[in-house]
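The next block holds one structure in the form of structure tokens; read it before the comments.
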Amino acid sequence: MQTTMKTNRLLRLFFTYAFLLFMTVLILYPLLWTVGASFNPGNSLISTSIIPENPTLDHYRELFAGKESLQYGKWYLNSLKISIFTMLGSMITVSFTAYAFSRFRFKGRKNALMLFLLLQMIPQFAALIALFVLAQILGMMNSHWLLILLYIGGQIPMNTYLMKGYMDSIPMDLDESAKIDGASNTRIFWQILLPLSRPMLAVVAMNGFTGPLGDFVLSSVILRTPEAFTLPIGLYKLVNDVMGASYTTFAAGAILISIPIAVTFLLLQKQFVSGLTAGGTKG
Amino acid sequence: MAHRTIAPLLSIIPGLGQFYNKQWVKGLVFLILAAAFFIAFGDLLNMGFWGLFTLGTEVPRDNSIFLLAEGIIALIVTAFGLGIYYWNLKDAYKNGKLRDENFPVTSLKSEYQNLIAQGYPYLVSGPSLFLLIFAVIFPILFSFALAFTNYDLYHSPPANLADWVGLETFAEIFTVDIWRATFFDVLAWTVIWTVVASTLQVSLGIFIAIVVNQKEVRFKRFFRTILVLPWAVPGFVTILIFAGLFNDSFGAINNDILAFFGIDPVPWMTDETWSRLALILMQGWLGFPYIFIVTTGVLQSIPDDLYEAATIDGASIFAKFKNITLPMIFIAMAPIIITQFTFNFNNFNIIYLFNGGGPAVAGSTAGGTDILVSWIYKLTMQSSQYSLAAALTILLSIFVVGIALWQFRRTNSFKEGA
Numbered sequence: 000m001q002t003t004m005k006t007n008r009l010l011r012l013f014f015t016y017a018f019l020l021f022m023t024v025l026i027l028y029p030l031l032w033t034v035g036a037s038f039n040p041g042n043s044l045i046s047t048s049i050i051p052e053n054p055t056l057d058h059y060r061e062l063f064a065g066k067e068s069l070q071y072g073k074w075y076l077n078s079l080k081i082s083i084f085t086m087l088g089s090m091i092t093v094s095f096t097a098y099a100f101s102r103f104r105f106k107g108r109k110n111a112l113m114l115f116l117l118l119q120m121i122p123q124f125a126a127l128i129a130l131f132v133l134a135q136i137l138g139m140m141n142s143h144w145l146l147i148l149l150y151i152g153g154q155i156p157m158n159t160y161l162m163k164g165y166m167d168s169i170p171m172d173l174d175e176s177a178k179i180d181g182a183s184n185t186r187i188f189w190q191i192l193l194p195l196s197r198p199m200l201a202v203v204a205m206n207g208f209t210g211p212l213g214d215f216v217l218s219s220v221i222l223r224t225p226e227a228f229t230l231p232i233g234l235y236k237l238v239n240d241v242m243g244a245s246y247t248t249f250a251a252g253a254i255l256i257s258i259p260i261a262v263t264f265l266l267l268q269k270q271f272v273s274g275l276t277a278g279g280t281k282g
Numbered sequence: 000m001a002h003r004t005i006a007p008l009l010s011i012i013p014g015l016g017q018f019y020n021k022q023w024v025k026g027l028v029f030l031i032l033a034a035a036f037f038i039a040f041g042d043l044l045n046m047g048f049w050g051l052f053t054l055g056t057e058v059p060r061d062n063s064i065f066l067l068a069e070g071i072i073a074l075i076v077t078a079f080g081l082g083i084y085y086w087n088l089k090d091a092y093k094n095g096k097l098r099d100e101n102f103p104v105t106s107l108k109s110e111y112q113n114l115i116a117q118g119y120p121y122l123v124s125g126p127s128l129f130l131l132i133f134a135v136i137f138p139i140l141f142s143f144a145l146a147f148t149n150y151d152l153y154h155s156p157p158a159n160l161a162d163w164v165g166l167e168t169f170a171e172i173f174t175v176d177i178w179r180a181t182f183f184d185v186l187a188w189t190v191i192w193t194v195v196a197s198t199l200q201v202s203l204g205i206f207i208a209i210v211v212n213q214k215e216v217r218f219k220r221f222f223r224t225i226l227v228l229p230w231a232v233p234g235f236v237t238i239l240i241f242a243g244l245f246n247d248s249f250g251a252i253n254n255d256i257l258a259f260f261g262i263d264p265v266p267w268m269t270d271e272t273w274s275r276l277a278l279i280l281m282q283g284w285l286g287f288p289y290i291f292i293v294t295t296g297v298l299q300s301i302p303d304d305l306y307e308a309a310t311i312d313g314a315s316i317f318a319k320f321k322n323i324t325l326p327m328i329f330i331a332m333a334p335i336i337i338t339q340f341t342f343n344f345n346n347f348n349i350i351y352l353f354n355g356g357g358p359a360v361a362g363s364t365a366g367g368t369d370i371l372v373s374w375i376y377k378l379t380m381q382s383s384q385y386s387l388a389a390a391l392t393i394l395l396s397i398f399v400v401g402i403a404l405w406q407f408r409r410t411n412s413f414k415e416g417a
């Protein structure tokens, strides 16, 4: 009896580690393959190996060689600019709006909440046709600020809901006692509610930053010339225009964007995971 | 006649009712607002509504699409105007009623203080609302309106006018053979894709979380870091990487892995069934870390007492798992699991970036792996079938909203929100 339990346990552990090792390989393989490809000489992937025999930095140099169709540095800055402004914009608009909805009872509040709920269900994708048609006729092409405003607008409904839910869980007594002490609404917001909502603010910031990086639809409608591209469009075009022939260059570009983002993500993970679980599981 | 009847009747011209109630400043403000509204927006409203009804009568003078856009802006402006107008009537009625009951009307000072106090939430959420109208509501209304026109390549400005056609486009989706066939093919795959891919990523995430969370497992931090990597790397990068890995001719999966096991190359990109399989596997890879993280949080929050009590009662490991762990996970995570389904339903990026919704299907505007959203994208961007794309967008929105509303009614979040 004792021994069967022991072998059972050992067997379970064996399968656990075997499975985890398998998952590790499954996750690392594509990533390491890309790293390898980015150092491989030549453009062809057929001869690519994870550990190249004659590693080269050529592909990284090519990214910044200033070719008309490959303005990697520019795309990088464009993406960074759009992501940062979208992040800031949505943090400001979302936290103020959530504050209003969480702490005040005003006319139209219920209807506005209904509207937000509805809008977060209709994908912003529904706006695609309008944007495509209007962008063509109005010449709204290539404007990063237009794109930023669209992204911020798209971030508002869902994130306001998350933030409002989080603020609802902060006891009202806190602001009431501050109010008795003579603090203004805005002061209560800055000094009490916002600091306490930090985990959810981190989630909003992450959504704001990664949203534009994950968008292909809206940006491909509005950004049409290579110098206005963001990374997703630029790299997609790079891969698809000459499929296969520029894959190693793409790999180098992919590495340069993935590493900083993945590292930041892993470092900040704790911050937003607590917000995510709090908001998400509450629904 | 009572004051509460006369005042609002006079306020049909904004401000007059307030004058009648002897609230001169307020009446003047309403009157000026009304005048300003018509001076500022008069042309827009006039032109907008004419355009909205006719969509233009003469080429090349009229551009149907501009007129439609203007018309929708006119609608939004009118809605605001009506809001203020309603406020004006209500104010006249309220103060008239106060006079009927021999109370003094509200003083300017108290009105002002009231406005400041009550206005605060409007003030801080105003910019958001404006942005929302500009960036989300207007485009959506515009897209929806297009569905009821015949706007396509052959009815586009400046050479031609578009026209209202009512529900014709919707009828055509279901009556024109090629459209109906494509629509139902795409819808069927969209549903299969949503269900299979979401179920895969959710069950994988939960399973791995349970495996890693076993007490005896060591190097937990290491494994957790590795396991969230697919979430940490930007999704578009990973999808494009996989597009390379799966490539029929040069991809590593065919050339290295399958060749190593002596398996013939598989047409991942050019065969519909294999493409679909590849997409589902990829989404599993991309989607499980999020579920994994959240499940880990839930598992750590289950009190140990529960398990101890169950052990004392003689429950086996599996009984504990089935009766404690799983129910806890599902109760806590139901909303998150459902969002995974709506996410995949609209998961444009993976479909489009992998192989453009391909392989192409003969005689159809949709490829073999196109889901509804990527099909709409193609109809808009490549074949200029705007009204068809818009009609499909409406059908898609109804579908998603319907399911989401049904789900929200089941969770308590909506009660909380109200």
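Which chain is which? The protein sequence lines are Z and S, in order. When you line the first sequence up against numbering that gives the first Met the number 0, it's residues 0 to 282, in that order. When you line the second sequence up against numbering that gives the first Met the number 0, it's residues 0 to 417, in that order. Where is the CB? At the ideal position from N, CA and C, for every residue including glycine.
- Selection S/Glu69, S/Ser300, S/Ala35, S/Val24 evaluated against S/Asn45 yields S/Glu69 as nearest (Cα-Cα).
- Per DSSP, the unbroken alpha helix (DSSP H) holding Z/Leu127 starts and ends at 127-137.
- The criterion of a C-beta distance shorter than 7 Å is not satisfied by S/Leu352 and S/Ile375.
- Look at S/Tyr84: its C-beta is not under 7 Å from any C-beta on chain Z.
- About 33 Å separates the beta carbon of S/Trp192 from that of S/Ile301, a gap too long to meet the 8 Å contact definition.
- The beta-carbon distance between Z/Leu133 and Z/Met139, rounded to whole angstroms, is 6 Å. This is short enough to meet the 8 Å contact definition.
- Taken through DSSP and simplified to helix, strand or coil, Z/Lys178 comes out as helix.
- When CB distances to chain S are screened at a threshold of 9 Å, the residues of the stretch 181-205 of chain Z falling below it are Asn184, Thr185, Phe188, in chain order.
- The beta-bridge partner set that DSSP reports for S/Thr148 consists of S/Trp163.
- Z/Phe215 and Z/Pro29 have their alpha carbons spaced roughly 22 Å apart.
- Closer than 8 Å at the C-beta level to chain Z, one finds these residues of the stretch 125-138 of chain S: Pro126, Ser127, Leu128, Leu130, Leu131, Phe133, Ala134, Val135, Ile136, Phe137, Pro138.
- Ranking Z/Val24, Z/Asn239, Z/Pro54 by CA distance to the CA of Z/Phe38 puts Z/Pro54 first.
- Listed in chain order, the non-local C-beta contacts of Z/Thr247 below 6 Å within the same chain comprise Ala36, Asn39, Asn42, His58, local neighbours out to five positions each way being set aside.
- Taking 7 Å as the threshold, the shortest C-beta distance from S/Leu280 to chain Z does not fall below it.
- Shown here for S/Ser382: same chain residues with a beta carbon closer than 7 Å to its own, the five before and five after excluded, namely Thr364 in chain order.
- With its beta carbon at least 7 Å from every one in chain Z, S/Pro157 lies outside the interface.
- Z/Ser219 and S/Val232 have their C-alpha atoms roughly 21 Å apart.
- Minimum Cα-Cα distance from S/Leu145 among the listed residues S/Leu305, S/Phe169, S/Ala208 corresponds to S/Phe169.
- Straight through space, the alpha carbons of S/His2 and S/Phe29 are spaced by roughly 19 Å.
- Against chain Z, the beta carbon of S/Ser396 has neighbours under 7 Å at Ile121, Ala125, listed in chain order.
- Comparing alpha-carbon positions, the option among S/Gln384, S/Thr198, S/Asn348, S/Phe65 lying closest to Z/Ile232 turns out to be S/Asn348.
- Beta bridge pairing from DSSP links S/Leu130 with no other residue.
- For the stretch 292-373 of chain S, the continuous alpha helix (DSSP H) assignments of 4+ residues that do not extend past its boundaries occur at 303-311, 316-319, 325-344, 347-354, in sequence order.
- A distance below 7 Å separates the beta carbons of S/Val210 and Z/Thr15.
- Residue pairing for Z/Leu69: DSSP places it in a beta bridge opposite Z/Lys66.
- In terms of Cβ geometry, S/Phe287 and S/Gln200 form a close pair [threshold 7 Å].
- Taking Z/Phe105 as the centre and dropping the five residues before and after it, the same chain places the C-beta of Ala99 closer than 8 Å to its C-beta, in chain order.
- It is roughly 14 Å from the alpha-carbon of Z/Thr3 to the alpha-carbon of Z/Leu12.
- Per DSSP, reduced to three states, the secondary structure at S/Ile139 is helical.
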